[in-house]
Amino acid sequence: MAATIEPSVADVFAWLDAVPDPEIPVISIRDLGIVRDVWWSGEGMERTLTISITPTYVGCPAMRVIEADIVAALSARGVAHTNVEMRLAPAWTTDWLTANGREKLRAYGISPPRPRDLAADPRALDLVALLGTLEERAACPRCGSLDVALVTRFGSTPCKAQYRCVTCREPFDHFKAH
Amino acid sequence: MSDTTDLATYAMRLGDNALVLGQRLATWTGHGPSLEEDLASTNVALDLIGHARLWLAYAAQCEGRGRDADALAFTRDARAFTNVLLVERPNGDYAQTIVRQFFFDAWHLLVLRALCASRDARIAAIAEKAALEVTYHVKRSGDWMIRLGDGTDESHARMRVAIDDAWPYTAELFAMDAVDDAMVARGIGCDLAALHAPWRTYVETVLTDATLAFPTDGVMHGGGRAGVHTESFSYLLAEMQSVARSVPAERW
Ligand SMILES: [Zn+2]
Numbered sequence: 001m002a003a004t005i006e007p008s009v010a011d012v013f014a015w016l017d018a019v020p021d022p023e024i025p026v027i028s029i030r031d032l033g034i035v036r037d038v039w040w041s042g043e044g045m046e047r048t049l050t051i052s053i054t055p056t057y058v059g060c061p062a063m064r065v066i067e068a069d070i071v072a073a074l075s076a077r078g079v080a081h082t083n084v085e086m087r088l089a090p091a092w093t094t095d096w097l098t099a100n101g102r103e104k105l106r107a108y109g110i111s112p113p114r115p116r117d118l119a120a121d122p123r124a125l126d127l128v129a130l131l132g133t134l135e136e137r138a139a140c141p142r143c144g145s146l147d148v149a150l151v152t153r154f155g156s157t158p159c160k161a162q163y164r165c166v167t168c169r170e171p172f173d174h175f176k177a178h
Numbered sequence: 179m180s181d182t183t184d185l186a187t188y189a190m191r192l193g194d195n196a197l198v199l200g201q202r203l204a205t206w207t208g209h210g211p212s213l214e215e216d217l218a219s220t221n222v223a224l225d226l227i228g229h230a231r232l233w234l235a236y237a238a239q240c241e242g243r244g245r246d247a248d249a250l251a252f253t254r255d256a257r258a259f260t261n262v263l264l265v266e267r268p269n270g271d272y273a274q275t276i277v278r279q280f281f282f283d284a285w286h287l288l289v290l291r292a293l294c295a296s297r298d299a300r301i302a303a304i305a306e307k308a309a310l311e312v313t314y315h316v317k318r319s320g321d322w323m324i325r326l327g328d329g330t331d332e333s334h335a336r337m338r339v340a341i342d343d344a345w346p347y348t349a350e351l352f353a354m355d356a357v358d359d360a361m362v363a364r365g366i367g368c369d370l371a372a373l374h375a376p377w378r379t380y381v382e383t384v385l386t387d388a389t390l391a392f393p394t395d396g397v398m399h400g401g402g403r404a405g406v407h408t409e410s411f412s413y414l415l416a417e418m419q420s421v422a423r424s425v426p427a428e429r430w
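Here the protein sequences come in this chain order: A and B.
Heads up, the first sequence is in the numbering used here, so the first residue is 1 and it goes up one at a time.
Heads up, the second sequence is in the numbering used here, so the first residue is 179 and it goes up one at a time.
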């Protein structure tokens with residue numbers, strides 16, 4: 001049997017860049033920032049490629065689909081054994097969305113998330129202060145207007161809120177900072 | 179009790195709260211008062227069931243009895259469920275659903291934020307993840323508190339009834355028992371009693387915005403964490419477990 005050439009980790013990362021997010025197919029799972037690590041382990045027939053990903057929302061049904069899509073994409077490239085590992089910590093945040101991903105979202109009509117306030121102490125117990133600063137300003141992805149109204153905090157998927165642009169009157173999805 | 183038994187119980191309580199409230203909320207799916215609200219409450223239910231899966235998987239791992247998260251969710255009897263009574267309260271009208279949710283969400287966020295500092299790495303990781311999601315839950319239920327409280331005479335009156343109805347079940351959220359004490363002593367759990375004041379402060383702020391009076395404490399109910407549940411809980415459990423119990427070996 002001819003020895004197969006093992007794809008490098010860099011190749012694998014590039015292939016994962018072609019795996020779309022099932023809910024927002026305009027961005028890839030790498031744009032989404034959920035691919036944490038890729039490595040080979042085991043010997044011979046047991047040689048296995050592990051992809052470590054971080055869930056966006058733990059109850060998000062898309063995570064199962066993403067897992068299956070990764071296995072299918074790598075299998076199409078000739079990787080026989082793929083293991084997808086869910087890594088919970090550190091928790092995914094929208095700050096991990098790539099600049100490329102944000103631009104693709106905007107072009108697609110989804111307002112990208114604002115950077116989170118990293119100064120906030122995650123353990124502070126003053127909910128009045130915490131929740132008072134949560135209100136984020138979405139910008140209309142079509143006309144750029146900041147004069148927008150929140151329709152609902154939970155849109156078609158857990159990661160999106162629905163807004164309406166007061167200026168151009170178009171409804172749009174906003175990817176919530178998380 | 180051994181160290182791992184306490185840890186299993188601790189994770190199980192967090193999981194049971196999320197599972198039971200998620201199940202209650204899920205029955206609103208398709209019946210919400212508006213499409214947006216239907217989607218929102220379904221999303222919150224999904225988040226909670228996702229948290230429940232993580233907590234119960236960890237509880238199963240800690241107890242080491244060969245059970246998994248599904249076995250804990252679908253094969254335990256009511257007596258073995260450790261959720262607080264508040265989350266099993268029936269949905270009632272939308273005021274009752276929202277008040278139950280708001281009281282729980284505010285407590286839930288405080289607990290999760292406190293548990294981010296847990297010395298148990300797994301508990302800290304799940305808490306950090308869940309806290310991000312629950313932050314949006316509190317915002318949503320708090321918005322509805324204000325919208326319905328400061329709404330029409332009818333919605334205001336219903337909110338008053340709902341608050342009086344749910345209030346007696348809030349004390350149990352902050353009651354410490356031997357498991358809590360042990361977990362606090364080991365730096366794993368959080369001091370629930372210490373969260374009571376920040377919770378009251380936040381609830382009072384929202385109730386004031388909602389033009390609703392802050393309720394007074396009367397007879398307070400508890401016992402859910404020890405497995406003593408209300409009658410309606412048995413119906414919830416029967417529905418939730420019916421498929422798994424009728425075809426025990428089925429996978430899907
Ligand atoms: Zn616009």
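We put the CB at the ideal spot given by N, CA and C, even for glycine.
Any chain C beta carbon closer than 8 Å to residue i
| i | result |
| --- | --- |
| residue 11 (chain A) | Annotation note: the requested chain C is absent from the structure, which comprises protein chains A and B. |
Per DSSP, the bridge partner or partners of residue i
| i | result |
| --- | --- |
| residue 175 (chain A) | A:160 |
| residue 424 (chain B) | Its beta-bridge partners do not exist; DSSP assigns none. |
| residue 150 (chain A) | A:163 |
| residue 110 (chain A) | A:173 |
| residue 20 (chain A) | A:28 |
Supposed contact pair residue j and residue i - C-beta distance, whole angstroms, cut 8 Å
| i | j | result |
| --- | --- | --- |
| residue 281 (chain B) | residue 330 (chain B) | So it is not a contact: roughly 22 Å between Cβ atoms. |
| residue 217 (chain B) | residue 196 (chain B) | Not quite, the Cβ-Cβ distance comes to about 19 Å (not below 8 Å), so this is no contact. |
| residue 342 (chain B) | residue 393 (chain B) | 6 Å |
| residue 73 (chain A) | residue 15 (chain A) | 6 Å |
| residue 361 (chain B) | residue 184 (chain B) | 6 Å |
| residue 61 (chain A) | residue 110 (chain A) | Incorrect: roughly 19 Å between the Cβ atoms, too far for contact. |
| residue 190 (chain A) | residue 34 (chain A) | There is no way to answer for residue 190 (chain A), as the model of chain A reaches only from 1 to 178. |
Coarse secondary structure for residue i, derived from DSSP in three states
| i | result |
| --- | --- |
| residue 131 (chain A) | helix |
| residue 262 (chain B) | coil |
| residue 408 (chain B) | coil |
| residue 269 (chain B) | coil |
| residue 303 (chain B) | helix |
| residue 416 (chain B) | helix |
| residue 119 (chain A) | Confidence in residue 119 (chain A) is poor, its pLDDT being 42 and thus under 50, which makes the residue's placement unreliable; the coordinate value appears in the next sentence. Residue 119 (chain A): coil per DSSP, three-state reduction. |
| residue 295 (chain B) | coil |
| residue 332 (chain B) | helix |
| residue 326 (chain B) | helix |
| residue 82 (chain A) | strand |
| residue 28 (chain A) | strand |
| residue 10 (chain A) | helix |
| residue 95 (chain A) | helix |
| residue 168 (chain B) | The shown model of chain B, from 179 to 430, leaves out residue 168 (chain B), and the question about it has no answer. |
| residue 126 (chain A) | coil |
| residue 15 (chain A) | helix |
| residue 288 (chain B) | helix |
| residue 276 (chain B) | helix |
| residue 193 (chain B) | helix |
| residue 139 (chain A) | coil |
| residue 155 (chain A) | coil |
| residue 319 (chain B) | helix |
| residue 185 (chain B) | helix |
| residue 247 (chain B) | helix |
| residue 87 (chain A) | coil |
**Asked** Hey, which unbroken runs of the alpha helix (DSSP H) at 4 residues or more fall wholly within the stretch 30 to 78 of chain A?
**Response** Fully enclosed alpha helix (DSSP H) runs of 4 or longer: 62 to 76.
**Asked** In the stretch 342 to 400 of chain B, which residue ranges form an unbroken alpha helix (DSSP H) of at least 4 residues, counting only runs that do not cross its ends?
**Response** 356 to 363 and 370 to 387
**Unbroken stretches of the alpha helix (DSSP H), 4 residues or longer, contained in the stretch 198 to 243 of chain B** = Scanning the stretch 198 to 243 of chain B from its first residue to its last, the whole alpha helix (DSSP H) runs of 4-plus residues come out as 213 to 241.
**Request:** Quick one: which residues of the stretch 311 to 322 of chain B get their C-beta closer than 8 Å to a C-beta of chain A? List them in chain order.
**Result:** 311, 313, 314, 316, 317, 318, 320 and 321
**Asked** Residues in the stretch 273 to 299 of chain B with C-beta within 8 Å of chain A's C-beta atoms, listed in sequence order?
**Response** Residues passing the 8 Å Cβ filter: 284, 287, 288, 291, 292, 294, 295 and 299.
**Message:** Counting only Cβ-Cβ distances shorter than 8 Å, please list the residues of the stretch 206 to 217 of chain B near chain A, keeping chain order.
**Reply:** For chain A, the residues of the stretch 206 to 217 of chain B that bring a beta carbon within less than 8 Å of one of its beta carbons are 214, 215 and 217, in chain order.
**Prompt:** Using a beta-carbon distance cut-off of less than 9 Å, what residues from the stretch 156 to 173 of chain A approach chain B?
**Reply:** Answer set for the stretch 156 to 173 of chain A: 156, 157, 158, 161 and 162.
**Request:** Would you list, in chain order, the members of the stretch 139 to 155 of chain A that have their beta-carbon closer than 8 Å to a beta-carbon of chain B?
**Result:** 151, 152, 153, 154 and 155
**Message:** Output needed in chain order: residues of the stretch 58 to 89 of chain A with a Cβ under 8 Å from some Cβ in chain B.
**Reply:** 58, 59, 60, 61, 88 and 89
**Asked** Just by C-beta distance, which residues in the stretch 16 to 38 of chain A are closer than 8 Å to chain B?
**Response** none
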